[in-house]
Structure formats: structure tokens, C-alpha cells
Amino acid sequence: MKTSKTQHHPFPLSQKIANTLQSLREQRPLVVSVTNYVVMNNTANALLAIGASPIMAHSRQEMAELMAFSGALVVNIGTLDSIWIERMRFAIEQANTCGKPVILDPVGCGASLLRTKTSREFCQLAEKLIIRANASEVMALANVQSQVKGVDALDSSESAVIAAKKLIEMYHVNHVVISGKDDFIVNKDSVIKLSNGSPLMPKVTGMGCTHTALTGAFSAIDFDNAGLCATGVLGVAGELAEKQSQGPGSMQMNVLDQLHLLNSRDIEYTLSSEECS
């Protein structure tokens, strides 16, 4: 892939992210999360730390009411079964009715037929969609040959860019966020690569799910740039947190602190990006 020279201080891009973060903190959007048991606490704390308001809702009895005044819906299929599928399907339908963004995290797509089929169904159903996934999940979702080991990606994030563009053509996808050593934000007209974060982040359960949750929060503020803002903010927070961490335990705590403390100067002087073509 052809890329431009890395910009370690891309002020216009960092300014966009910082300004959107400030708006998020002022507006405190409610993010409805139908997410897995493993990460509920992690993602709720991350949303609070960034300045959003999380609600972990699963009952269809209240979903229509909640979606009417929420900012976005996050659907994470990490602990999937027939009951969860029905609840998630109904939640997406209510988000469609209310014109709210749906952020899909197709955890383990490609690892089983159930996960792959369900992920594709939800892509077809959602009318205002952002996908956040690792490379192997993106490729499996687009029916491109991928390498999957459980919920872990064995493909590089860059290798999934073409698959992400295919998903945008196939479904009502505004943009796709591919997580990995480098992160790619892919929309119809552009590809942006962000190269922040830390090697400790994959050693903490739920960092990808946190990425998805933050994308949900930003989608309530700036739908078109939600993935860019969430990726930049989490990557910078992770990079700064690593400097204070001795291992995965302290890393998890320090990422939350950095999400809470992050300011425009941190973003401006830490963000590393490339525009790809």
C-alpha cells in the first residue's frame, strides 16, 4: 500500500480529535452497550473515564425507551448465544427506528459459523453502522480468507484494508476500524493509519472491546470521525500509560487514568498518523 510520510505532529488531525474529545466531555453522551460478560466492567469504566455515560442494557423490555434518548448503540458478540442474538437483533432494530449509530464488534467472526453468520446478519440489519474489529475478523466478515485462532487475529491489520473496503460496499457501513499493531480507519474515500498504543495493550483483556465502546461514545458526537477519534485517543492513552506501567495489571489501571487525564497537548505531541492511498 502506498503511504505518505509519517506525520508525528499532524496538528489539524490532532486538533480534530482533541476538539471532539472536548465536545464529548461537555455533552456526556449515553452509550447503550449490549456487550459480553467478560468486559462489562472494563468498558463501562473506560466510558466513564473518557467522559461518556455507559449503560449496560440487555432487556428488550426497556430497549426502545433507552434508544430514544441514547447517543449510540454498541453491540459486542463476545459471549454469544441464542438469547443474546435475539436481544442484539431487537436492539439494532430500535437503533434504526431512532436513527442512532450502531457500532458492531464481531468478536471471533470466522472462528465459528454462528459468529460469522450472526455478524453478517447484524451488518445487513444496521442502517447507520461502524465496524470495529481486528484484521482476521474484518476479513472473515467480508468472506476474504483469514487466519483466526479463537478471538485472536493472525493477520496483519494492513492486510484487511481491502476487505474493509468490501464491507463498505456490501453494507450500510460508514467506516471500518481495524485494530492491530497499527490501526487503520477505512471509509469510502480514504484510509488513515495510526501508529500509537503499546505492546502491553493486547495483554489486557478487553482492550479491543474498550476501543469499540469509545467508538460508540464518539459516534454520538461526530459519526463520520468516530473511529478516528476513538482510535487516536485510546492509542495515545495507551502509549502514555505504558511509561508508568510494570505489567498488564498496572497498564489496565493507567489506561483508565490516561483516558481521564488526556488533553489536547498530549494528543498533539503523541499522535502518529499516515494518510494511505
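All residue numbers for the sequence shown refer to full-length UniProt numbering, where the first residue is 1 and numbers rise by one.
Just so you know, even glycine gets a beta-carbon here, dropped at the ideal spot from N, CA and C.
Since we're looking at a predicted model, the values are computed, not measured.
Item                                                                                                                                         : Value
I need the boundaries of the alpha helix (DSSP H) containing I267, first residue and last residue.                                           : 264-270
Over the uninterrupted beta strand (DSSP E) stretch that includes V31, give me the two end residues.                                         : 30-34
Would you tell me roughly how many angstroms separate the C-alpha atoms of K166 and C123, rounded to the nearest one?                        : 12 Å
Please list the terminal residues of the continuous beta strand (DSSP E) segment that includes residue 278.                                  : This structure does not reach residue 278, given that the chain is present from 1 up to 277, and the question cannot be answered.
Touch check for the segment 120-136 and the segment 247-267: three-plus C-beta pairs under 8 Å?                                              : no
Have a look at the DSSP bridge pairing and note the partners of F184.                                                                        : I178, K193
If you reduce the DSSP assignment to three classes, tell me which class D105 lands in.                                                       : strand
Taking the Cβ atom as the reference point for each residue, do M56 and M40 lie within a distance shorter than 8 Å?                           : yes
Expressed to the nearest angstrom, what Euclidean distance is found between the alpha-carbon atoms of H260 and A49?                          : 5 Å
Taking T210 as the reference, which of V177, A18, S112 has the closest Cα?                                                                   : V177
In the DSSP output, what is I55 paired with across the bridge?                                                                               : V32
At which residues does the alpha helix (DSSP H) containing I83 begin and terminate?                                                          : 82-98
V31 and A72 - do their beta-carbons sit closer together than 8 Å?                                                                            : yes
Secondary structure at I130, three-state DSSP: helix, strand or coil?                                                                        : strand
I need the DSSP call for L214, collapsed to helix, strand or coil.                                                                           : helix
Report the start-end ranges of each alpha helix (DSSP H) in the segment 227-266 that is 4 residues or longer and not cut off at the edges.   : 248-261
I believe G238 touches G180 by the beta-carbon criterion, under 8 Å. Please report the beta-carbon distance rounded to the nearest angstrom. : No, G238 and G180 are not in contact; Cβ-Cβ is about 13 Å, not under 8 Å.
Straight-line CA distance for Q15 to T205?                                                                                                   : 30 Å
Helix or strand or just coil, what does DSSP make of A72?                                                                                    : strand
Determine, using beta carbons only, whether L214 and S273 come nearer to each other than 8 Å.                                                : no
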